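Chemist: Protein chains in written order, with this note's numbering: chain A, 1 to 362; chain B, 1 to 511.
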């Protein structure tokens, strides 16, 4: 018989060891599968994997930038998830922030000074994301609608809106694309620090990380979020206005998603596509969850996910394998990482056949 | 009856949850053709023992024999295979399915599935035992008693001949109870073994053939119902020489604090929970609320605390200067903002009064996190309070950073009560403050309540143990189905009188 029971608490060193072991195991399995399916030498494959993420200064910058954006979206989702408001609308909220940013850049690009333009972009992207988060929160607070479905649907609305405006603003006409916005004037492009294109994004997200940590852990708002998340009954019992907390928290969640949209359009891509969020609204859920909603641990979990994605896609490029092969490897690694959480939370005992139990009892 | 082979023989059964011994070395025999009452107070381990028989829990030690054969019951499925079925307090039915569909749900029938034949078979069972149920009705349209009937029919349909019912009458009206008992007698006469878990003595007298009494997880004796009196059963249930001896200081200058007039409350489903309730609670007095479970006690306290919507009537707070403030329709935050120091120890400690996953310190913070203008919550004062409560009330915990969920029931309650009285309230509402607590913790809670009373607090104490109510309270308000059946002086009344008022049998004051 297999008997599964909940563990009391595991020392950090032990749980880290289990996590480390699961990653090693995952890499071994990935190696075996790569060899079986492609006949390649697994050591070479791993080397390529690492070089995909760390191979050159440029690759490291891209890695850091990707981590920053993913972390930003994950941080945005964290307060909502801590409140047990399942915000699966990060994708849409990022898109709306991106759309608002692009709108400012295109419509106001040459009409107002650059500093003012950037201020407009910041404000409008935050407002757009916040509104996209507010709508499902209002419905949840007033009529207790299901936020999971609602936020999910809002993603599609956002995607269609972006698709529409891409046609409106397409350059050149008929191409179905916007192209680089303000390429000649660089109006509305977020400033570059020294020669480092991505440094500003990274610094901004680092600041948000610290602020979010403080907000959740030390402020009255953060405390209210925890109480509402653990038990709405207790929240009511101490007179916390639950609808108000839901709405306030989703405004914040949406606003930071919108800000991530700003960083994408104004900071790195300088264009708008329907896939600019690139699934981060969902990947962010995993980042936040793996880190148990601790903003600092989320740096590690977002690093892990980005690193794997970069490494796996490098493999498929270098060895001319299908992109799906990278997905298979990422899938295997994720499976092991998430699986390790099970063994950290639960204890599995293998008891011998039931006779022995009885014998012991008599 | 001793020569007869028991249908179930349980020997030396023990089960612990953490440090709590729910059952310790229990022996129990259950016979076919007999109704056995398993009697005991709340927390005496009745349900746990039966859950081990029905495969919900697995015993830590001990053996079980069914019809003389040793068996291992590791899951409800194993229990079914041995003909054991249990009706739980919370029904396990699919709301959108009909009675028939629920009854056949989950059965493996290898050669196709014939709902019609099944319906006929179910119909025959209902005829045989006198069940009154519409098989095509959907569960969500059914009354509680009909749902219970479906549960029982389900067990019989699946071939159960050992039936366990966990407090089956707690949710039934007297008429429905009569019907249930008639059916149970039919089943007994058919040779089935029936166990009912209960703490109601008159039901034991009415329905059972034999009584087994559990106290603190142990089998403390059994008797033949026909040869015993309820007094003997009570003595066995509570232990010998029940002298509670709770100290009861005489109230000094009671002043009116809470005035409730014509309070009427309906729950979310529109069921009338409180009907025209009026009373006053005085500072310096303990007002007990008695009543059978679910008579409106919870709604009454929650209405005063601002957690329950009120249909009509009013709740007023009388201040020291005689100024009257209206509490009706205010939420707990508004009430405390008005300067009314109202503390509430709710029945659901970890689901309402505390947050289980948070530390003792953070739970202290629940009442004080709004203090100060800063955007940051001050954890220093709560930490000091947590340390004080842990020290003063002797809370057994590794430290104030331990999540309260990991404390034992008594310690959880100490944390909750400690926090609630720390704000020097003028009104203290307690619901089942000693439920599930050991004797020492219970007395500590009684002491705390008395101290509050002596310092002039109006205490409203909802309890289920009449002996305690009679010894602790100054007045007792008796509720019966949401109505006040009377307010009596706890010093001069008797247990019998209050008991009758609770059920309005011949209470005299029944309206």
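Yeah, the Cβ is synthetic: ideal placement off N, Cα and C, and Gly gets one too. All values derive from a computational prediction rather than experimental measurement.
Helix or strand or just coil, what does DSSP make of residue 392 (chain B)?
Modeler: Here residue 392 (chain B) corresponds to residue number 392 of the second chain, with the count starting at 1. Helix, per DSSP.
Chemist: Residue 234 (chain A) versus chain B: which residues are under 8 Å apart at the beta carbon?
Modeler: In the first chain, counting from the first residue as 1, residue 234 (chain A) sits at position 234. Within chain B, the residues near residue 234 (chain A) are 351, 352, 353, 354, 355 and 366.
Chemist: Could you please give me the residues that DSSP links to residue 219 (chain A) through a beta bridge?
Modeler: Reading the first chain from its first residue, position 219 is the one you call residue 219 (chain A). DSSP, once it has assigned bridges, lists B:376 as partnering residue 219 (chain A).
Chemist: Can you check which of these residues, A:304, A:24, A:18 and A:30, is closest to residue 332 (chain A) by C-alpha distance?
Modeler: Your numbering for residue 332 (chain A) matches position 332 in the first chain. Of A:304, A:24, A:18 and A:30, the residue nearest in Cα terms is A:30.
Chemist: Look at residue 498 (chain B) and residue 478 (chain B) and say whether their C-beta atoms are less than 8 Å apart.
Modeler: Taking the first residue of the second chain as 1, we reach residue 498 (chain B) at position 498. Taking the first residue of the second chain as 1, we reach residue 478 (chain B) at position 478. Contact flag set, yes.
Chemist: Since residue 289 (chain B) sits in a beta bridge, which residues does DSSP pair it with?
Modeler: For the purposes of this step, residue 289 (chain B) is taken as the residue at position 289 of the second chain. DSSP output for residue 289 (chain B) lists B:462 and B:477 as bridge partner(s).
Chemist: Could you spell out where the alpha helix (DSSP H) holding residue 264 (chain B) opens and where it closes?
Modeler: Working through the second chain from its first residue, we reach residue 264 (chain B) at position 264. Unbroken run through residue 264 (chain B) is the beta strand (DSSP E), 255-266; no alpha helix (DSSP H).
Chemist: How is the beta strand (DSSP E) around residue 71 (chain B) delimited, first residue to last?
Modeler: Numbered from its first residue, the second chain carries residue 71 (chain B) at position 71. Looking at the DSSP string, the run of the beta strand (DSSP E) that includes residue 71 (chain B) is 69-71.
Chemist: Could you tell me the distance, in whole angstroms, from the CA atom of residue 93 (chain B) to the CA atom of residue 315 (chain A)?
Modeler: Counted from its first residue, the second chain places residue 93 (chain B) at position 93. Counted from its first residue, the first chain places residue 315 (chain A) at position 315. In this model, residue 93 (chain B) and residue 315 (chain A) are separated by some 53 Å (Cα to Cα).
Chemist: Looking at the structure shown, is residue 144 (chain A) part of a helix, part of a strand, or coil, going by DSSP?
Modeler: The sequence position of residue 144 (chain A) within the first chain is 144, counting from 1. Here residue 144 (chain A) sits in coil by DSSP.
Chemist: Of all the options B:132, B:474, B:491 and B:500, which has the alpha carbon lying nearest to the alpha carbon of residue 485 (chain B)?
Modeler: Against the second chain, residue 485 (chain B) aligns to sequence position 485. In this structure, B:500 is the residue among B:132, B:474, B:491 and B:500 with its C-alpha nearest to the C-alpha of residue 485 (chain B).
Chemist: Shorter than 8 Å from the beta carbon of residue 375 (chain B) to some beta carbon of chain A?
Modeler: As a position in the second chain, residue 375 (chain B) is number 375, starting the count at 1. Among the residues facing chain A, residue 375 (chain B) is included, as its CB has a counterpart in that chain under 8 Å away.
Chemist: Note down, in chain order, all residues in the region 238-254 of chain A with a beta-carbon under 7 Å from any beta-carbon belonging to chain B.
Modeler: 238 and 239
Chemist: Is it buried or exposed for residue 82 (chain B), if we count other Cβ within 10 angstroms and need 16 for buried?
Modeler: Residue mapping note: residue 82 (chain B) aligns to position 82 of the second chain, counting from 1. So residue 82 (chain B) counts as buried.
Chemist: Quick check: the region 449-464 of chain B against the region 263-276 of chain B, are at least 3 beta-carbon pairs closer than 8 Å?
Modeler: The region 449-464 of chain B and the region 263-276 of chain B do not touch, with fewer than three beta-carbon pairs separated by less than 8 Å.
Chemist: For residue 338 (chain A), does the count of other Cβ atoms within 10 angstroms reach 16, so buried, or fall short, so exposed?
Modeler: Start at 1 with the first residue of the first chain, and residue 338 (chain A) comes out as number 338. Exposed, because fewer than 16 other Cβ atoms sit within 10 Å of the Cβ of residue 338 (chain A).
Chemist: Can you tell me the Cα-Cα spacing of residue 256 (chain A) and residue 176 (chain A), whole angstroms?
Modeler: Position 256 of the first chain, counted from the first residue, corresponds to residue 256 (chain A). Position 176 of the first chain, counted from the first residue, corresponds to residue 176 (chain A). Rounded to the nearest angstrom, the two C-alpha atoms are 29 Å apart.
Chemist: Can you tell me which residues form a DSSP beta bridge with residue 234 (chain B)?
Modeler: To locate residue 234 (chain B), count along the second chain from 1; it is residue 234. Beta-bridge pairing links residue 234 (chain B) to no other residue.
Chemist: If you draw a straight line from the C-alpha of residue 241 (chain B) to the C-alpha of residue 471 (chain B), how long is it?
Modeler: As a working note, residue 241 (chain B) is residue 241 in the second chain. As a working note, residue 471 (chain B) is residue 471 in the second chain. The pLDDT assigned to residue 241 (chain B) is 49, lower than 50, so where the model puts this residue is not dependable, and the model offers no usable value.
Chemist: Report back the beta-carbon spacing between residue 251 (chain B) and residue 474 (chain B) to the nearest angstrom; my notes put them in contact at under 8 Å.
Modeler: Walking along the second chain from the start, residue 251 (chain B) turns up at place 251. Walking along the second chain from the start, residue 474 (chain B) turns up at place 474. A Cβ-Cβ distance of about 6 Å is found for the pair residue 251 (chain B) and residue 474 (chain B), placing them in contact under the 8 Å criterion.
Chemist: Would you please verify whether the beta carbon of residue 346 (chain A) is less than 8 Å from any beta carbon of chain B?
Modeler: Residue numbering aside, residue 346 (chain A) sits at position 346 when the first chain is read from its first letter. So no, residue 346 (chain A) is outside the interface.
Chemist: What in chain B is Cβ-close to residue 219 (chain A), meaning under 8 Å?
Modeler: For the purposes of this step, residue 219 (chain A) is taken as the residue at position 219 of the first chain. Per Cβ cutoff of 8 Å: 375, 376 and 377.
Chemist: On a CA-only basis, which of B:134, B:272, B:229 and B:502 is nearest residue 119 (chain B)? Give me that one, please.
Modeler: Residue numbering aside, residue 119 (chain B) sits at position 119 when the second chain is read from its first letter. Of the listed residues, the one whose Cα sits closest to residue 119 (chain B) is B:134.
Chemist: I'd like to know if residue 223 (chain A) contacts chain B, where contact means its C-beta is closer than 8 Å to some C-beta of that chain.
Modeler: For the purposes of this step, residue 223 (chain A) is identified with residue 223 of the first chain, where counting begins at 1. Yes - at least one Cβ of chain B is within 8 Å of the one on residue 223 (chain A).
Chemist: Assign residue 192 (chain B) to one of three DSSP states: helix, strand, or coil.
Modeler: Within the second chain, the letter at position 192 stands for residue 192 (chain B). Of the three classes helix, strand and coil, the one that applies to residue 192 (chain B) here is coil, per DSSP.
Chemist: Among the candidates B:315, B:272 and B:235, whose CA atom is the shortest distance from the CA of residue 278 (chain B)?
Modeler: Here residue 278 (chain B) corresponds to residue number 278 of the second chain, with the count starting at 1. The candidate whose alpha carbon is nearest that of residue 278 (chain B) is B:315.
Chemist: Expressed to the nearest angstrom, what Euclidean distance is found between the alpha-carbon atoms of residue 193 (chain A) and residue 201 (chain A)?
Modeler: Counted from its first residue, the first chain places residue 193 (chain A) at position 193. Counted from its first residue, the first chain places residue 201 (chain A) at position 201. So the alpha carbons of these two residues sit roughly 10 Å apart.
Chemist: Tell me where the beta strand (DSSP E) around residue 22 (chain B) begins and ends.
Modeler: In the second chain, residue 22 (chain B) corresponds to position 22, counting from 1. Per DSSP, residue 22 (chain B) belongs to the beta strand (DSSP E) from 20-30.
Chemist: Please report the distance separating the alpha-carbon of residue 98 (chain B) from that of residue 137 (chain B).
Modeler: As a working mapping, residue 98 (chain B) is identified with position 98 in the second chain. As a working mapping, residue 137 (chain B) is identified with position 137 in the second chain. Taking the straight line joining both Cα atoms gives about 5 Å.
Chemist: Over what stretch of residues does the alpha helix (DSSP H) that includes residue 192 (chain A) continue unbroken?
Modeler: Within the first chain, the letter at position 192 stands for residue 192 (chain A). No alpha helix (DSSP H) holds residue 192 (chain A); DSSP gives it neither H nor E.
Chemist: Which residues in the same chain as residue 67 (chain A) place their Cβ atom closer than 7 Å to its Cβ, once the five residues preceding and following it in sequence are excluded?
Modeler: Residue 67 (chain A) sits at position 67 when you count from the first residue of the first chain. Closer than 7 Å at Cβ, skipping near neighbours: 302, 303 and 306.
Chemist: Quick one: list the residues of chain B neighbouring residue 297 (chain A), beta-carbon separation under 9 Å, in chain order.
Modeler: Translated into positions along the first chain, residue 297 (chain A) becomes position 297. Contacts between residue 297 (chain A) and chain B, judged by CB atoms closer than 9 Å, are missing: the closest CB pair is about 18 Å apart.
Chemist: Tell me the start and end of each unbroken beta strand (DSSP E) in the region 105-186 of chain B that is at least 3 residues and wholly inside, in chain order.
Modeler: 162-166
Chemist: Whole-angstrom Cβ separation of residue 133 (chain A) and residue 253 (chain A), contact assumed at under 8 Å?
Modeler: Within the first chain, the letter at position 133 stands for residue 133 (chain A). Within the first chain, the letter at position 253 stands for residue 253 (chain A). Confirmed, about 5 Å.
Chemist: Under a CB-based cut-off of 8 Å, is residue 331 (chain B) close to chain A?
Modeler: Taking the first residue of the second chain as 1, we reach residue 331 (chain B) at position 331. Cβ-Cβ to chain A under 8 Å: yes for residue 331 (chain B).
Chemist: Considering only residues of the same chain and omitting the five flanking positions on each side of residue 253 (chain B), which have a CB-CB separation below 8 Å?
Modeler: What you label residue 253 (chain B) is simply residue 253 of the second chain in a count that begins at 1. Counting only Cβ-Cβ distances below 8 Å, and skipping sequence neighbours, we find 284.
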